[in-house]
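K.L.:
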Amino acid sequence: MKKVLITTDFNDLSLNACLRFCKYMFKDSTTDYYLLHVSEQVGFFARLLGQQEKAPEYQELQLEELKKNIKKLYDLDVKPYIRKGSVTEQINLFAKEIEIDLMVAGTSNTSVNVIGANTHRLIRTSDYPIMTVNIAIDPKPIKNIALPIELYLSSRQKVPYAIKWAKEFGAKVTLLIGTWEGQDEEDLTKIKVIGSGVQKFLLDKGVNCDIVNLKDLKTGKDYADEVIKYINDEENKVDLCMVMGRDESTDFAADPRAQDIVRFAKIPVVCIPLKHQGMKTEFL
Numbered sequence: 160m161k162k163v164l165i166t167t168d169f170n171d172l173s174l175n176a177c178l179r180f181c182k183y184m185f186k187d188s189t190t191d192y193y194l195l196h197v198s199e200q201v202g203f204f205a206r207l208l209g210q211q212e213k214a215p216e217y218q219e220l221q222l223e224e225l226k227k228n229i230k231k232l233y234d235l236d237v238k239p240y241i242r243k244g245s246v247t248e249q250i251n252l253f254a255k256e257i258e259i260d261l262m263v264a265g266t267s268n269t270s271v272n273v274i275g276a277n278t279h280r281l282i283r284t285s286d287y288p289i290m291t292v293n294i295a296i297d298p299k300p301i302k303n304i305a306l307p308i309e310l311y312l313s314s315r316q317k318v319p320y321a322i323k324w325a326k327e328f329g330a331k332v333t334l335l336i337g338t339w340e341g342q343d344e345e346d347l348t349k350i351k352v353i354g355s356g357v358q359k360f361l362l363d364k365g366v367n368c369d370i371v372n373l374k375d376l377k378t379g380k381d382y383a384d385e386v387i388k389y390i391n392d393e394e395n396k397v398d399l400c401m402v403m404g405r406d407e408s409t410d411f412a413a414d415p416r417a418q419d420i421v422r423f424a425k426i427p428v429v430c431i432p433l434k435h436q437g438m439k440t441e442f443l
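In terms of this note's numbering, the sequence shown is residues 160 to 443.
1) Could you tell me the distance, in whole angstroms, from the CA atom of Y183 to the CA atom of V273?
2) Please report how far the alpha carbon of V163 lies from the alpha carbon of D343, in whole angstroms.
3) Just checking my contact of L194 with K226 at CB under 8 Å: how many whole Å lie between their CB atoms?
4) Taking R242 as part of the beta strand (DSSP E), name the residues at either end of that continuous run.
5) Contact between the segment 294-312 and the segment 326-344: three or more CB pairs below 8 Å?
6) Over the uninterrupted beta strand (DSSP E) stretch that includes Y193, give me the two end residues.
7) Kindly confirm or deny that the segment 416-431 and the segment 370-379 touch, where touching means at least three C-beta pairs closer than 8 Å.
8) Look up K331 in the DSSP assignment and say whether it is helix, strand or coil.
9) In this structure, how does DSSP classify I165 when only helix, strand and coil are distinguished?
10) Anyone know if the C-beta pair for K349 and L310 falls short of 7 Å?
11) Can you give me the start and stop residues for the alpha helix (DSSP H) that D384 sits inside?
12) Out of N372, R405, M403, R283, point me to the one whose CA is closest to Y389's CA.
13) Would you please state the rounded distance, in angstroms, between the beta carbons of P432 and D286? I believe it to be under 8 Å.
14) Go to A276, then tell me how far its alpha helix (DSSP H) extends in each direction, as first and last residue.
15) In this structure, does DSSP put T247 in helix, strand or coil?
16) Kindly list the residues whose CB is nearer than 8 Å to the CB of G265, restricted to its own chain and excluding five residues on each side of it in sequence; keep chain order.
Laid out in structure tokens, this is it:
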């Protein structure tokens, strides 16, 4: 990862979690870290209630102080930037200008299973992969990457990312497919064929790959729950999960299944952005 973006609001417990992961995961790389603070403009009604905008000079001093503390505590050199406007919009614009490889975001400032509003919007709108971490999660070696595969064509857009990460960390990939009783026979055959095809593709690319069929589903709606159960089971030794931030069925909203995985996972989750140009034939 050459360019990693981390955002801060100066009062963010999740920032420490993000920095811990950056320090641990990319310690042997020549990564450039960009630290971005977006100053939201105070609206009319907020001003009526007495809320005041902080002076730009004060925010710059805060960011410089934070940069020094990060260097002292984590030995990371960060490049600080300040933008003004809508948080999500400005983060996405900045990411595009810098052409980042990865955004690291905390799910919330508490250990409860929630996703902060800004992180939720970023997962839905970003054109770049986002690694989400909860403040209760500690870094560990990435040796097994879980890759849920569904019938949606976009589900296979995760595959190139899985190959890149697996090779970077010397990890294997575990494909997770789901079948259930009473499932349409055509769909049942399709998901098994797709799973086998993706597995073969990964193996041909030199990536060790297993495939696991989550059979304890009563309906397709149980798929996310079973994925969460599988990746959180310590016996399965999963260190990272990759999901689509959104898919064809939820173009203007975060995929609700992905949301649940991000919320309840006890490991980092990388959300892959949806691309509409389609997949190359070798992934089909």
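Yeah, the Cβ is synthetic: ideal placement off N, Cα and C, and Gly gets one too.
Quick caveat, the model's predicted, so the values are computed rather than measured.
P.N.:
Judging by the given coordinates:
1) Their backbone Cα atoms lie some 24 Å apart in a straight line.
2) Distance from the CA atom of V163 to the CA atom of D343, rounded to whole angstroms, is 43 Å.
3) 7 Å
4) Per DSSP, the continuous beta strand (DSSP E) segment holding R242 begins and ends at 237-243.
5) Flag = yes, the segment 294-312 and the segment 326-344 touch.
6) Counting along the chain, the beta strand (DSSP E) containing Y193 begins and ends at 191-198.
7) no
8) strand
9) strand
10) yes
11) In the DSSP assignment, D384 falls within the alpha helix (DSSP H) that extends over 382-391.
12) That would be N372, whose Cα lies nearest to the Cα of Y389.
13) 5 Å
14) 276-284 is the extent of the alpha helix (DSSP H) around A276.
15) helix
16) D171, L172, S173, L174, A176, C177, G275, T278, T291, V292, N293, I294
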